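For reference, the structure discussed in these notes is given below.
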Amino acid sequence: MGYASQIVNHSKKLRGAPKLLRQASAVRWFSEDLQSSIVKKDEIWKIQGRGYQSSQKGAIRNLVNFNNRPHFLQCNRGVSMTTTSIGNPNSGSLTKSKRGFSSGSGLPPHQEIGMPSLSPTMTEGNIARWLKKEGDKLSPGEVLCEVETDKATVEMECMEEGYLAKIIHGDGAKEIKVGEVIAVTVEDEGDIAKFKDYEPTSSSSGAGAAAAESSAPSSPKKEAVEEPVRSPEPKTVKQGPASDGERVFASPLARKLAEDNNVPISSVKGTGPDGSIVKADIEDYLASRGKESTTAPKAKDAAGAPLDYTDVPHAQIRKVTASRLLFSKQTIPHYYLSVDACVDRLMDLRNQLNALQEASGGKRLSVNDLVIKAAALALRKVPQCNSSWTDNYIRQYHNVNINVAVQTDNGLYVPVIRDADKKGLSSISEEVKKLAQKARENTLKPEDYEGGTFTVSNLGGPFGIKQFCAIINPPQSGILAVGSAEKRVIPGSGAEEFKFASFMSVTLSCDHRVIDGAIGAEWLKAFKGYIENPESMLL
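Just so you know, full-length UniProt numbering puts the end of the sequence shown at 539, numbered straight through with nothing missing.
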């Protein structure tokens with residue numbers, strides 16, 4: 001058991017390993033013949049006192065004392081944002097962080113924190129701001145930084161005690177790939193200075209992909225024949241500019257600096273290991289270029305005169321919205337159904353309910369609140385429209401969760417009202433107002449917008465748009481576009497009698513793979529019935 005004690009003492013964090021390993025899969029490497037195996041969940045190691053105790057007899061000897069030589073135990077742990085989650089090899093929702101135990105690189109034990117994946121559509125994220133600075137002490141539950149995902153800004157919490165040794169990507173860093181290292185933490189305060197000039201390797205930056213590969217057991221390799229150790233001759237490889245199609249090797253800092261200064265990285269000569277491009281190469285390139293403009297040539301009109309314009313960088317949410325809507329129009333066969341619904345009785349009911357709300361100190365109801373309720377009840381009545389298309393089947397949802405489109409300065413958000421068919425108008429109104437405010441403040445969390453089954457987009461009330469066709473929000477199969485209400489002259493009860501009535505135009509966009517024309521028409525009929533007879537929504 002002496003080797004087990006050495007392993008435990010090698011890292012302070014392993015003394016709390018029962019907590020760390022409760023949900024984790026431990027990966028063990030045998031350096032003698034490069035064998036590897038995965039310890040399943042029911043074989044998780046438990047640490048008691050100064051030694052290991054296995055749930056299976058004799059297993060500890062294979063781990064710690066293989067051929068009478070010590071071997072290191074490495075744990076891959078998931079980085080969680082608002083909840084603590086230990087790395088699960090079967091889960092792809094979180095990015096693995098990497099703990100370094102050996103000192104072959106001359107560095108003390110440390111942990112590389114990668115950019116986590118916080119939503120199914122997230123492939124990259126931004127650092128909004130760091131709430132901790134280099135050298136600060138970290139405690140579990142403290143907010144480390146704010147990460148701007150494709151849909152919201154989420155707080156990233158510390159998982160355990162330590163010190164923030166190095167911030168790789170600072171405040172405002174953009175387009176950081178999922179799995180790319182954003183910071184390094186250490187256990188001892190005295191080790192912070194050793195990471196002043198630390199740069200993650202390319203393999204560390206690709207931790208997300210590497211973690212997926214490492215979750216599968218590697219096949220045994222043949223024993224390598226030892227050769228006499230030869231001292232390598234020191235040499236510096238200088239890489240020339242890359243030709244078209246040639247892969248360029250560069251450190252993350254170098255790529256970030258090149259991107260910020262509009263430098264084509266393929267035109268930079270690398271002086272790093274094996275000719276890779278490092279930060280100093282980009283700085284030299286910028287220095288040699290002097291005050292030469294790094295922006296693209298100004299566009300010109302047909303006569304050759306320069307145009308006056310400003311390039312506005314894409315916000316992360318806008319890039320994701322553009323990608324998803326393009327995917328929707330390219331892959332979903334849209335068709336559209338429109339109908340006009342009389343809203344006179346709806347407006348009368350709204351006035352009566354608002355009088356009751358004001359008398360009780362509640363907030364006023366909007367027309368959109370009643371539209372959301374009518375849409376939810378119509379989905380319950382025609383459940384075929386509350387479905388999604390997959391390659392093998394059509395998934396019909398039993399919960400009616402309505403996404404509501406909210407326009408903000410940062411872009412378009414679609415927070416979700418869950419079980420809208422079961423909620424009262426007052427509850428729906430309060431939730432919409434609360435979520436809309438969070439969207440404008442860019443503080444929505446994943447649970448605020450994920451899981452919707454249908455979407456309502458209203459450009460009538462706020463903007464006076466009479467009618468429009470909305471693009472389906474995948475993987476949903478329908479979206480309702482709500483226009484403004486307008487007064488019209490309609491025939492009265494007598495032969496020459498006329499009267500005024502207010503009508504609202506709505507258009508249903510349908511995925512023809514899921515919703516046939518007759519089904520879409522049946523849904524619109526049900527929706528119109530609730531709008532024109534709003535008292536039925538209260539039953």
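Beta carbons are placed, not taken as given, at the ideal position from N, Cα and C, and that holds for glycine. None of the values given here were measured: they were computed from a predicted structure.
Compare the C-alpha of residue i against each of the options and name the closest.
i, options, result
"residue 279", "249, 371, 308, 305", "249"
"residue 119", "538, 518, 500, 448", "448"
"residue 433", "421, 397, 366", "366"
"residue 455", "408, 372, 440", "372"
"residue 384", "329, 374, 273, 453", "453"
"residue 199", "175, 171, 256", "256"
"residue 368", "262, 485, 451", "485"
"residue 342", "144, 142, 528", "528"
"residue 536", "474, 377, 358", "377"
"residue 393", "409, 478, 513, 317", "513"
"residue 416", "451, 325, 395, 422", "451"
"residue 288", "412, 269, 273, 461", "269"
"residue 418", "402, 412, 411", "402"
"residue 414", "518, 398, 431", "431"
"residue 423", "538, 322, 326", "538"
"residue 130", "518, 170, 149", "170"
"residue 316", "271, 126, 306, 523", "126"
"residue 182", "112, 438, 344", "112"
"residue 487", "191, 267, 344", "344"
Going by the beta-carbon positions, is the gap between residue i and residue j smaller than 8 Å?
i, j, result
"residue 404", "residue 151", "no"
"residue 107", "residue 134", "no"
"residue 337", "residue 162", "no"
"residue 386", "residue 400", "yes"
"residue 489", "residue 500", "yes"
"residue 178", "residue 124", "yes"
"residue 531", "residue 346", "yes"
"residue 189", "residue 114", "no"
"residue 511", "residue 465", "no"
"residue 370", "residue 425", "yes"
"residue 436", "residue 457", "no"
"residue 443", "residue 153", "yes"
"residue 462", "residue 328", "no"
"residue 483", "residue 459", "yes"
Could you tell me how far apart the beta carbons of residue i and residue j are, in whole angstroms, since I believe they sit closer than 8 Å?
i, j, result
"residue 281", "residue 254", "6 Å"
"residue 263", "residue 286", "7 Å"
"residue 128", "residue 147", "7 Å"
"residue 505", "residue 348", "About 20 Å; that fails the 8 Å criterion."
"residue 411", "residue 350", "Wrong, their Cβ atoms sit about 30 Å apart, outside the cutoff."
What's the gap between the Cα of residue i and the Cα of residue j?
i, j, result
"residue 429", "residue 381", "22 Å"
"residue 388", "residue 516", "13 Å"
"residue 440", "residue 498", "45 Å"
"residue 110", "residue 446", "30 Å"
"residue 391", "residue 509", "21 Å"
"residue 534", "residue 375", "12 Å"
"residue 613", "residue 493", "Outside the displayed range of the chain (1 to 539) lies residue 613, so it cannot be described from this structure."
"residue 22", "residue 159", "A caution first: residue 22 carries a pLDDT of 39, below 50, which makes its placement in the model too unreliable to give a value."
"residue 138", "residue 156", "12 Å"
"residue 238", "residue 195", "The predicted position of residue 238 is uncertain, since its pLDDT is 44 and thus under 50; no value can be drawn from it."
"residue 356", "residue 427", "15 Å"
"residue 265", "residue 176", "17 Å"
"residue 122", "residue 360", "43 Å"
"residue 93", "residue 117", "Note that residue 93 has pLDDT 41, beneath the 50 cutoff, so the model's placement of it is unreliable and no number is given."
"residue 525", "residue 352", "25 Å"
"residue 363", "residue 145", "35 Å"
"residue 277", "residue 308", "36 Å"
"residue 186", "residue 259", "29 Å"
"residue 334", "residue 480", "13 Å"
"residue 149", "residue 476", "21 Å"
"residue 302", "residue 322", "29 Å"
"residue 396", "residue 132", "45 Å"
"residue 251", "residue 193", "21 Å"
"residue 559", "residue 332", "With the chain represented from 1 up to 539, any question about residue 559 goes unanswered, as that position is not in the structure."
"residue 421", "residue 325", "27 Å"
"residue 271", "residue 136", "34 Å"
"residue 275", "residue 143", "39 Å"
"residue 523", "residue 507", "11 Å"
*3 or more residues per run - each beta strand (DSSP E) lying fully within the UniProt domain "Lipoyl-binding" (110-186)*: 110-114, 124-130, 143-148, 153-157, 162-167, 181-186
*Complete beta strand (DSSP E) runs within the region 463-495 (minimum length 3 residues, chain order)*: 478-491
*Counting only runs that start and end within the region 384-459, where is the alpha helix (DSSP H) found for 4 or more residues in a row?*
425-440, 446-449
_Start-end ranges of the beta strand (DSSP E) lying completely within the region 340-389, minimum 3 residues_ = 387-389
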